[in-house]
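For the sequence shown, the working numbering assigns the number 1 to the initial residue and increments by one for each residue that follows. Idealized CB from N, CA, C, for every residue including glycine. Only a predicted model underlies this, so the values are computations on that prediction, with no experimental measurement involved.
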Amino acid sequence: MPRPSMSTPEIDAVRRRLLETTGKIIAREGYDAFSMRRLGKEAGMSASALYRYFPARRNVLIAYWLDTVDELTRRCEAVRDQDVSPVDKLQAVLCAYADFAIEDRDRFRVFFIENDKGQFSDLVAIDAAVRPYRLFVEIVGAAIAAGKIRPLPSATAAQILWGSVHGVLTLAITINEIDFGDVRRLAEITALTALRGLAVSDKDKPNDV
(Lines of atoms letter the chains of each structure in order from A and count residues from 1; the text may use other names and numbers.)
(Lines give C-alpha, C1' and ligand atoms only; values in the text may rest on other atoms or scores of the structure.)
Protein backbone atom coordinates (compact mmCIF):
# COMPACT_ATOMS: atom_id res chain seq x y z
CA MET A 1 0.00 0.00 0.00
CA PRO A 2 1.46 3.40 -0.97
CA ARG A 3 2.36 5.77 1.84
CA PRO A 4 -0.31 8.44 2.31
CA SER A 5 0.65 11.92 1.19
CA MET A 6 1.78 14.31 3.91
CA SER A 7 0.25 17.71 4.34
CA THR A 8 2.38 20.84 4.00
CA PRO A 9 2.35 21.46 7.79
CA GLU A 10 3.47 17.86 8.37
CA ILE A 11 6.32 18.23 5.89
CA ASP A 12 7.34 21.54 7.48
CA ALA A 13 7.34 19.94 10.92
CA VAL A 14 9.67 17.15 9.77
CA ARG A 15 11.99 19.61 8.07
CA ARG A 16 12.07 21.70 11.24
CA ARG A 17 12.95 18.63 13.32
CA LEU A 18 15.72 17.69 10.88
CA LEU A 19 17.18 21.21 11.01
CA GLU A 20 17.10 21.21 14.80
CA THR A 21 18.92 17.86 14.80
CA THR A 22 21.44 19.27 12.34
CA GLY A 23 22.21 22.12 14.72
CA LYS A 24 22.72 19.77 17.66
CA ILE A 25 25.15 17.56 15.74
CA ILE A 26 27.28 20.47 14.47
CA ALA A 27 27.23 22.32 17.80
CA ARG A 28 28.52 19.20 19.58
CA GLU A 29 31.02 17.89 17.05
CA GLY A 30 31.57 20.41 14.27
CA TYR A 31 30.76 20.47 10.57
CA ASP A 32 33.07 17.59 9.68
CA ALA A 33 31.00 15.21 11.82
CA PHE A 34 27.81 16.09 9.99
CA SER A 35 26.61 13.80 7.22
CA MET A 36 23.32 12.64 5.82
CA ARG A 37 23.89 9.22 7.38
CA ARG A 38 24.54 10.79 10.77
CA LEU A 39 21.47 13.01 10.44
CA GLY A 40 19.27 10.05 9.58
CA LYS A 41 20.60 8.05 12.53
CA GLU A 42 20.07 10.92 14.99
CA ALA A 43 16.61 11.65 13.63
CA GLY A 44 15.57 7.98 13.48
CA MET A 45 14.94 8.08 9.73
CA SER A 46 16.09 5.89 6.88
CA ALA A 47 18.21 7.39 4.09
CA SER A 48 15.38 7.10 1.60
CA ALA A 49 13.01 8.92 3.93
CA LEU A 50 15.58 11.62 4.63
CA TYR A 51 16.17 12.34 0.95
CA ARG A 52 12.49 13.17 0.54
CA TYR A 53 13.22 16.40 2.42
CA PHE A 54 16.81 17.20 1.50
CA PRO A 55 18.58 15.77 -1.56
CA ALA A 56 22.11 16.30 -0.22
CA ARG A 57 24.18 17.37 2.79
CA ARG A 58 24.73 20.85 1.40
CA ASN A 59 20.98 21.36 0.99
CA VAL A 60 20.51 20.67 4.68
CA LEU A 61 23.23 23.15 5.65
CA ILE A 62 21.90 25.87 3.34
CA ALA A 63 18.37 25.38 4.68
CA TYR A 64 19.68 25.59 8.24
CA TRP A 65 21.62 28.76 7.48
CA LEU A 66 18.78 30.51 5.65
CA ASP A 67 16.27 29.50 8.31
CA THR A 68 18.47 31.18 10.92
CA VAL A 69 18.75 34.35 8.82
CA ASP A 70 14.98 34.43 8.33
CA GLU A 71 14.38 34.13 12.06
CA LEU A 72 16.78 36.96 12.88
CA THR A 73 15.22 39.09 10.15
CA ARG A 74 11.72 38.58 11.54
CA ARG A 75 12.84 39.60 15.02
CA CYS A 76 14.63 42.72 13.78
CA GLU A 77 11.66 43.76 11.63
CA ALA A 78 9.29 43.33 14.56
CA VAL A 79 11.41 45.68 16.67
CA ARG A 80 11.88 48.19 13.85
CA ASP A 81 8.12 48.50 13.50
CA GLN A 82 7.49 49.19 17.20
CA ASP A 83 6.15 52.63 18.11
CA VAL A 84 8.75 53.42 20.79
CA SER A 85 11.62 55.86 21.24
CA PRO A 86 14.83 55.30 19.22
CA VAL A 87 16.82 54.28 22.31
CA ASP A 88 14.09 51.91 23.51
CA LYS A 89 14.05 50.41 20.04
CA LEU A 90 17.80 49.84 20.16
CA GLN A 91 17.55 48.19 23.55
CA ALA A 92 14.70 46.03 22.30
CA VAL A 93 16.59 44.80 19.24
CA LEU A 94 19.67 43.96 21.32
CA CYS A 95 17.51 42.05 23.81
CA ALA A 96 15.78 40.28 20.90
CA TYR A 97 19.22 39.16 19.74
CA ALA A 98 19.94 37.86 23.24
CA ASP A 99 16.66 35.95 23.23
CA PHE A 100 17.57 34.45 19.87
CA ALA A 101 20.86 33.18 21.29
CA ILE A 102 19.47 31.89 24.57
CA GLU A 103 16.40 30.15 23.13
CA ASP A 104 18.51 27.92 20.86
CA ARG A 105 22.15 27.87 21.92
CA ASP A 106 23.02 25.19 19.38
CA ARG A 107 21.78 27.40 16.56
CA PHE A 108 23.74 30.36 17.92
CA ARG A 109 26.94 28.31 18.15
CA VAL A 110 26.57 26.90 14.65
CA PHE A 111 25.73 30.21 13.02
CA PHE A 112 28.09 32.59 14.82
CA ILE A 113 30.82 30.60 16.54
CA GLU A 114 31.65 27.36 14.72
CA ASN A 115 34.03 27.61 11.78
CA ASP A 116 31.92 26.97 8.68
CA LYS A 117 35.00 26.21 6.54
CA GLY A 118 33.48 28.04 3.60
CA GLN A 119 30.19 26.17 3.66
CA PHE A 120 28.23 29.37 3.12
CA SER A 121 30.77 31.68 1.47
CA ASP A 122 28.74 31.90 -1.72
CA LEU A 123 25.59 32.87 0.20
CA VAL A 124 27.07 35.93 1.88
CA ALA A 125 26.68 37.84 -1.39
CA ILE A 126 22.89 37.38 -1.20
CA ASP A 127 21.25 40.52 0.17
CA ALA A 128 18.91 38.50 2.39
CA ALA A 129 21.94 36.99 4.11
CA VAL A 130 22.94 40.29 5.70
CA ARG A 131 19.41 41.65 6.08
CA PRO A 132 19.37 41.39 9.91
CA TYR A 133 22.60 43.36 10.15
CA ARG A 134 21.35 46.03 7.77
CA LEU A 135 18.13 46.34 9.73
CA PHE A 136 20.15 46.83 12.90
CA VAL A 137 22.30 49.51 11.25
CA GLU A 138 19.08 51.18 10.10
CA ILE A 139 17.72 51.23 13.67
CA VAL A 140 21.02 52.64 14.95
CA GLY A 141 21.02 55.26 12.21
CA ALA A 142 17.55 56.41 13.23
CA ALA A 143 18.77 56.88 16.82
CA ILE A 144 21.74 58.91 15.59
CA ALA A 145 19.50 61.04 13.37
CA ALA A 146 17.25 61.70 16.37
CA GLY A 147 20.25 62.98 18.32
CA LYS A 148 20.17 60.16 20.88
CA ILE A 149 23.42 58.45 19.90
CA ARG A 150 26.78 60.06 19.27
CA PRO A 151 27.25 61.13 15.64
CA LEU A 152 29.36 58.16 14.61
CA PRO A 153 28.97 56.32 11.32
CA SER A 154 25.89 54.12 11.73
CA ALA A 155 27.84 50.94 11.00
CA THR A 156 30.49 51.81 13.59
CA ALA A 157 27.93 52.45 16.33
CA ALA A 158 26.05 49.29 15.34
CA GLN A 159 29.20 47.17 15.55
CA ILE A 160 30.05 48.56 18.99
CA LEU A 161 26.58 47.75 20.34
CA TRP A 162 26.27 44.37 18.66
CA GLY A 163 29.81 43.38 19.63
CA SER A 164 29.18 44.19 23.29
CA VAL A 165 26.09 41.98 23.59
CA HIS A 166 27.43 39.30 21.26
CA GLY A 167 30.60 39.01 23.33
CA VAL A 168 28.71 38.43 26.55
CA LEU A 169 26.46 35.85 24.91
CA THR A 170 29.41 34.02 23.34
CA LEU A 171 31.21 33.79 26.66
CA ALA A 172 28.13 32.53 28.47
CA ILE A 173 27.37 29.92 25.82
CA THR A 174 30.89 28.59 25.28
CA ILE A 175 32.49 28.72 28.74
CA ASN A 176 30.85 26.21 31.07
CA GLU A 177 33.39 26.65 33.87
CA ILE A 178 32.09 30.10 34.82
CA ASP A 179 28.64 30.79 36.21
CA PHE A 180 27.27 33.78 34.29
CA GLY A 181 24.00 33.70 36.22
CA ASP A 182 20.94 35.02 34.43
CA VAL A 183 22.38 35.40 30.93
CA ARG A 184 19.34 37.27 29.64
CA ARG A 185 19.65 39.84 32.42
CA LEU A 186 23.40 40.09 31.86
CA ALA A 187 22.83 40.78 28.15
CA GLU A 188 20.22 43.41 29.02
CA ILE A 189 22.64 45.17 31.41
CA THR A 190 25.35 45.01 28.75
CA ALA A 191 23.03 46.60 26.19
CA LEU A 192 22.07 49.39 28.58
CA THR A 193 25.70 50.05 29.50
CA ALA A 194 26.79 50.19 25.85
CA LEU A 195 23.90 52.49 24.99
CA ARG A 196 24.80 54.84 27.84
CA GLY A 197 28.37 54.88 26.60
CA LEU A 198 27.20 56.01 23.16
CA ALA A 199 24.61 58.45 24.46
CA VAL A 200 24.99 62.04 23.31
CA SER A 201 26.96 64.13 25.80
CA ASP A 202 27.11 67.95 26.10
CA LYS A 203 30.26 68.14 24.01
CA ASP A 204 28.52 66.25 21.19
CA LYS A 205 25.65 68.72 21.01
CA PRO A 206 25.72 71.56 18.48
CA ASN A 207 26.71 74.95 19.92
CA ASP A 208 23.27 76.43 19.28
CA VAL A 209 21.45 73.83 21.38
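Check	Outcome
Which residues in the same chain as Ala-49 place their Cβ atom closer than 8 Å to its Cβ, once the five residues preceding and following it in sequence are excluded?	Gly-40
Under the rule that 16 or more other beta-carbon atoms within 10 Å means buried, what is Thr-21, buried or exposed?	buried
Can you tell me whether Thr-68 is buried or exposed? The criterion is at least 16 other CB atoms within 10 Å of its CB, across all chains shown.	buried
Restricting to Cα atoms, I'd like to know which of Val-60, Val-137, Ala-142 is closest to Ile-25.	Val-60
Quick check: Thr-170 and Phe-112, are their CB atoms within less than 9 Å of each other?	yes
Using the rule of at least 16 other Cβ atoms within 10 Å of the residue's Cβ for burial, across every protein chain shown, is Val-84 buried or exposed?	exposed
Determine the direct distance from the alpha carbon of Leu-18 to that of Arg-52, and round the result to whole angstroms.	12 Å
For Val-168 and Ala-129, I'd like the C-alpha separation in whole angstroms.	23 Å
Flag this pair as yes or no: are the beta carbons of Gly-163 and Ser-154 separated by less than 9 Å?	no
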